[in-house]
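Under our numbering, residues 5 to 265 are what the sequence shown spells out, in order.
Every residue, glycine too, gets a C-beta built ideally from N, C-alpha and C.
First up is the structure itself, then whatever we jot down about it.
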Amino acid sequence: MGENADNSDPNVGVSRDVLLKMLGIVFGIVIVISAFIFLITKNTRLNVYQVSNIIAAYGTILLSAILAYLYSQMWETQEQRTNIQENQEDILEEQTEIQEKQQEMLETEKSAMLDLSICSSENDRCFIEISNHGNGAIKQTMLRTRVQPQSDQFQGDWKATELKRYDNGITGATVIGGNETNIRMACDLEFSVSDGSNTFSDVFSGITSYLSREGVNDIRLEIDLVSVDEYNNMRELSILEEDISVHNNMGFEEVDAWKIN
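In structure tokens form, the structure reads like this:
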């Protein structure tokens with residue numbers, strides 16, 4: 005018996021109290037209106053029906069006014085909410101723009117600043133000394149090359165060769181840290197030409213020998229340096245664009261324009 009009493013739902017009592025309060029309010033309104041009708045009927049010549057109609061009319065007007073006021077308040081609240089939401093969206097957009105500008109400034113402050121000092125070659129291997137005067141690291145450097153034969157028979161294609169650190173040999177490391185200077189990089193440059201149906205790729209001496217055998221003696225040599233920093237920003241720098249004469253088994257060290265740059 006005691007356990008059943010403990011398991012009773014407390015919400016039942018709350019709902020009952022709310023219902024009783026609502027009934028009390030309705031009952032009170034009915035009593036007040038009835039008393040109001042009785043007093044007017046007693047003190048005037050109007051009968052109960054007429055008084056009831058007058059009170060109903062005034063009640064309707066009063067209710068309409070209350071509803072209109074509530075509607076205007078609701079509309080004003082809705083406009084305020086809309087304005088607040090729009091202001092919040094504007095603030096978020098401004099914050100996003102500020103964050104983007106801050107990120108751009110951070111990347112600018114930490115970006116790599118690449119500088120070349122010496123270009124040399126030995127046989128078909130080329131060497132470049134690169135200095136990074138910025139705070140950001142350079143994670144990759146490449147030489148993009150193209151030989152454009154001065155002949156209608158052949159077309160030169162762009163070829164990319166990755167530069168790597170050189171210390172008594174190519175080490176395989178590619179990163180140049182911030183503020184590192186005079187880092188010697190090297191690669192065995194490759195070039196490519198095609199005749200429309202076949203493509204021939206080789207180091208410089210192989211390409212010149214091939215073209216010489218095909219009767220091509222003059223080419224336009226183009227070399228670009230491409231670098232990629234730690235933010236994946238890519239930069240290109242043209243370091244050689246020269247018309248040169250070639251011969252059989254001509255090594256890259258014979259390109260005087262490369263040594264001057």
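What are the boundary residues of the alpha helix (DSSP H) that residue i is part of?
i	result
F208	208 to 217
Tell me the DSSP bridge mates of residue i?
i	result
D161	S196
R129	E126, D192
S242	D228
Y73	In DSSP, Y73 forms no bridge with anything.
N136	L118
R169	M189
S205	S196
S249	D222
I180	I142
I174	Y170
Identify the continuous beta strand (DSSP E) that holds residue i and give its terminal residues.
i	result
T149	142 to 153
D233	222 to 233
If contacts are defined as beta-carbon pairs under 8 Å, then residue i and residue j qualify, I think. What distance do you get, rounded to the angstrom?
i	j	result
L167	A141	That pair is no contact at about 15 Å.
G179	V151	First, the amino acid is wrong: residue 179 is Val here, not Gly. Their Cβ separation, rounded to whole angstroms, is 30 Å, which puts V179 and V151 out of contact at 8 Å.
G182	N136	6 Å
E194	T165	5 Å
H251	S205	Wrong, their Cβ atoms sit about 20 Å apart, outside the cutoff.
I223	P153	5 Å
F256	C130	6 Å
S209	D128	5 Å
R262	S125	Note on residue identity: the sequence assigns Trp, not Arg, to residue 262. Their Cβ separation, rounded to whole angstroms, is 6 Å, which keeps W262 and S125 in contact under 8 Å.
D233	K143	7 Å
I134	L118	6 Å
Check whether the stretch 227 to 234 and the stretch 242 to 250 are in contact - that is, three or more C-beta pairs closer than 8 Å.
Yes, they touch.
Does the structure place the stretch 123 to 139 close enough to the stretch 156 to 163 that three or more beta carbon pairs sit under 8 Å?
With a cut-off of 8 Å, the stretch 123 to 139 and the stretch 156 to 163 do not count as touching, because too few Cβ pairs lie within range.
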